[in-house]
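Trainee: So the sequence shown is residues 1 to 215, counted in the UniProt record's numbering. Supplied in C-alpha cells, the structure appears directly below.
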Amino acid sequence: MINIASTTAEEQRLIEQGKLLPVMEHFYTIQGEGMYTGLASYFIRLGGCDVGCHWCDVKDSWDAEKHPLTNVDELVDLATSQAKTIIITGGEPLMWDLTYLTKKLHEKGARIHIETSGAYPLSGEIDWVCLSPKKMMLPLDDVCTAAHELKCIIFNNHDFEFAEEQAARVGKDCTLFLQTEWSKRDKNLPLIIDYVKENPKWRYSLQTHKYLDIP
Ligand SMILES: C[S@@+](CC[C@H](N)C(=O)[O-])C[C@H]1O[C@@H](n2cnc3c(N)ncnc32)[C@H](O)[C@@H]1O
Ligand SMILES: Nc1nc2[nH]cc(C(=O)O)c2c(=O)[nH]1
Ligand code: SF4
Ligand SMILES: [Mg+2]
1 MINIASTTAE EQRLIEQGKL LPVMEHFYTI QGEGMYTGLA SYFIRLGGCD VGCHWCDVKD
61 SWDAEKHPLT NVDELVDLAT SQAKTIIITG GEPLMWDLTY LTKKLHEKGA RIHIETSGAY
121 PLSGEIDWVC LSPKKMMLPL DDVCTAAHEL KCIIFNNHDF EFAEEQAARV GKDCTLFLQT
181 EWSKRDKNLP LIIDYVKENP KWRYSLQTHK YLDIP
C-alpha cells in the first residue's frame, strides 16, 4: 500500500485499516463504458496511480496527496443513499485495501463494480471486475482470472496485438471490449469496427458519457 507522506501516524493507521481513503471525487451518474453502459451508478474515484498511461483522462488523480483523506463510513452512507450500484475507480483503486469499503457497501446492500488496470492485488468483495490492462504495468494473473470484463484501450495499431495477448489471460466467460483512446477516436473507430466484424469475440465500447457531456 502506498504511504502518503503528509499523514499523521493515526491517519496512516486508519488508511491501512481502509477506514480512511484519499477520494478525488464521488458522483452519481450513468456508467458510460463497457458491459454496464447506461446503468445509473455511483462512482467513487480514489486518488493515487503510478501506472503512467500518457493518454490517461484523469491525470489529476495520480498524486494521492492531492486528494482529501475521506471517512469511508460517511462515504458509504452517502453513496448507498443514492444508488444500488457503486463503481470504485481512480486513479488505481487497487493500490488501497478495499476490504473495509466493500464490506460496508455490501452491508448496505450495494452491488460493487471496480475499474482497474489489475497492476495491484485484488482486495475486498467485488461483484464485477472490469480489467483494463496497461503495457507499462501488466495485470497480475489473479486479476486476469477474476475479470468479468476486459476493456482494452486502442491508441495505436500495436494495441490490437496487446489486446489479443491480454484476452488469452482472462477466463472464457470474460466479455471482451475494445475502446478507442478518446483523442484518437476519429482515426480508430473505423479500425475497431472492422476489427470487431472480423473478430466477433470482441465488442466495441464507447465512452458514451463523453459524447453526452455528463460526468
Ligand atoms: C481512468 S481509469 C481508472 C481505473 C484504472 N486505473 C484503469 O485504468 O482501469 C478508468 C477507465 O478509463 C480508461 N481510460 C483512461 N483514459 C482514457 C482515454 N484517454 N481514452 C479512453 N479510455 C480511457 C481506462 O483504460 C479505464 O478503463
Ligand atoms: N460516466 C462515466 N462512466 C465511467 N466508466 C468508467 C469511468 C472511469 O473513469 O473509471 C467513468 C466515468 O468517469 N464516467
Ligand atoms: S492506470 Fe488508469 S488511472 Fe492510472 S494512468 Fe492508466 S488510465 Fe490513468
Ligand atoms: Mg473516466
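Glycine is no exception: its CB is placed at the ideal position from the N, C-alpha and C atoms. Just so you know, these numbers come straight off a predicted model, no measurement behind them.
Of the residues Gly91, Ala168, Thr102, which one's Cα is nearest the Cα of glycine 52?
Mentor: As a working mapping, residue 52 is identified with position 52 in the sequence shown. Ranking the options by Cα distance to glycine 52, first place goes to Gly91.
Trainee: From which residue to which residue does the alpha helix (DSSP H) around phenylalanine 160 run?
Mentor: Sequence index remark: in the sequence shown, residue 160 carries index 160 (1-based). Under the DSSP assignment, phenylalanine 160 falls in the alpha helix (DSSP H) whose first and last residues are 158-167.
Trainee: According to DSSP, is threonine 85 helix, strand or coil?
Mentor: The residue given as residue 85 occupies position 85 in the sequence shown. DSSP, reduced to helix, strand and coil, places threonine 85 within a strand of the structure shown.
Trainee: DSSP three-state call for cysteine 115: helix, strand or coil?
Mentor: Working through the sequence shown from its first residue, we reach residue 115 at position 115. Cysteine is not the amino acid found at residue 115; the sequence shown has glutamate there. In the three-state reduction of the DSSP assignment, glutamate 115 falls in the strand class.
Trainee: Below 8 Å on the Cβ atoms is my contact criterion, and I expect glutamate 11 with leucine 20 to pass it. Report the Cβ-Cβ distance as a whole number of Å.
Mentor: Looking up residue 11 in the sequence shown gives position 11. Looking up residue 20 in the sequence shown gives position 20. That pair is a contact at about 6 Å.
Trainee: Less than 7 Å separating the Cβ of residue 226 from some heavy atom of ligand 4?
Mentor: Nothing about residue 226 can be reported from this structure: the residues present for the chain run from 1 to 215 only.
Trainee: So cysteine 130 and glycine 34 are supposed to be a Cβ contact under 8 Å. How far apart are they, rounded?
Mentor: Position 130 of the sequence shown holds residue 130. Position 34 of the sequence shown holds residue 34. Cysteine 130 to glycine 34, Cβ: 6 Å. Contact.
Trainee: At a cut-off of 7 Å, would you count cysteine 53 as near ligand 3, judging by its Cβ distance to the nearest heavy atom?
Mentor: Position 53 of the sequence shown, counted from the start, is the residue given in the question as residue 53. The nearest non-hydrogen atom of ligand 3 is less than 7 Å from the C-beta of cysteine 53.
Trainee: Inspect the CB distances between the segment 152-170 and the segment 75-93 and report whether three or more fall short of 8 Å.
Mentor: Counting C-beta pairs closer than 8 Å gives fewer than three between the segment 152-170 and the segment 75-93, which falls short of the contact rule.
Trainee: For isoleucine 214, collect the residues of the same chain with a Cβ closer than 6 Å to its Cβ; drop the 5 residues on either side in sequence, then sort them by chain order.
Mentor: Here residue 214 corresponds to residue number 214 of the sequence shown, with the count starting at 1. Thr29, listed in sequence order.
Trainee: Proline 190 to glutamate 65, Cα distance in whole Å?
Mentor: Taking the first residue of the sequence shown as 1, we reach residue 190 at position 190. Taking the first residue of the sequence shown as 1, we reach residue 65 at position 65. Distance between the alpha carbons of proline 190 and glutamate 65 is about 40 Å.
Trainee: For glutamate 149, name the three-state secondary structure that DSSP assigns.
Mentor: Here residue 149 corresponds to residue number 149 of the sequence shown, with the count starting at 1. In the structure shown, glutamate 149 sits in a strand (DSSP, three-state: E or B).
Trainee: Are glutamate 74 and threonine 102 close, meaning C-beta to C-beta below 8 Å?
Mentor: As a working mapping, residue 74 is identified with position 74 in the sequence shown. As a working mapping, residue 102 is identified with position 102 in the sequence shown. Not in contact: glutamate 74 and threonine 102 (Cβ atoms no closer than 8 Å).
Trainee: Does the separation of the CB atoms of valine 23 and proline 68 fall below 8 Å?
Mentor: Taking the sequence shown and counting its residues from 1, one reaches residue 23 at position 23. Taking the sequence shown and counting its residues from 1, one reaches residue 68 at position 68. Yes, these two residues count as a Cβ contact at 8 Å.
Trainee: Closest to glycine 109 by C-alpha separation, out of Asp142, Leu206, Asp127, Val196, would be which residue?
Mentor: In the sequence shown, residue 109 corresponds to position 109, counting from 1. The residue with the shortest Cα to Cα distance from glycine 109 is Asp127.
Trainee: Is tryptophan 182 near ligand 1, in the sense that its beta carbon is under 7 Å from a heavy atom of that ligand?
Mentor: If you number the sequence shown from 1, residue 182 lands on position 182. Yes, ligand 1 has a heavy atom inside 7 Å of this Cβ.
Trainee: Under three-state DSSP, which class holds threonine 70?
Mentor: On the sequence shown, position 70 is the one that residue 70 refers to. DSSP places threonine 70 in strand when its eight states are reduced to three.
Trainee: Flag this pair as yes or no: are the beta carbons of lysine 104 and valine 58 separated by less than 8 Å?
Mentor: Taking the sequence shown and counting its residues from 1, one reaches residue 104 at position 104. Taking the sequence shown and counting its residues from 1, one reaches residue 58 at position 58. In this structure, valine 58 does not lie closer than 8 Å to lysine 104 by Cβ.
Trainee: Threonine 85 and leucine 39 - do their beta-carbons sit closer together than 8 Å?
Mentor: Sequence index remark: in the sequence shown, residue 39 carries index 39 (1-based). Sequence index remark: in the sequence shown, residue 85 carries index 85 (1-based). Yes. Within cutoff.
Trainee: I'd like to confirm the pairing. Which residues does DSSP put opposite glutamine 179 in its beta bridges?
Mentor: Translated into the one-based positions of the sequence shown, residue 179 becomes position 179. Answer is Ile153, Ser205, bridged to glutamine 179.
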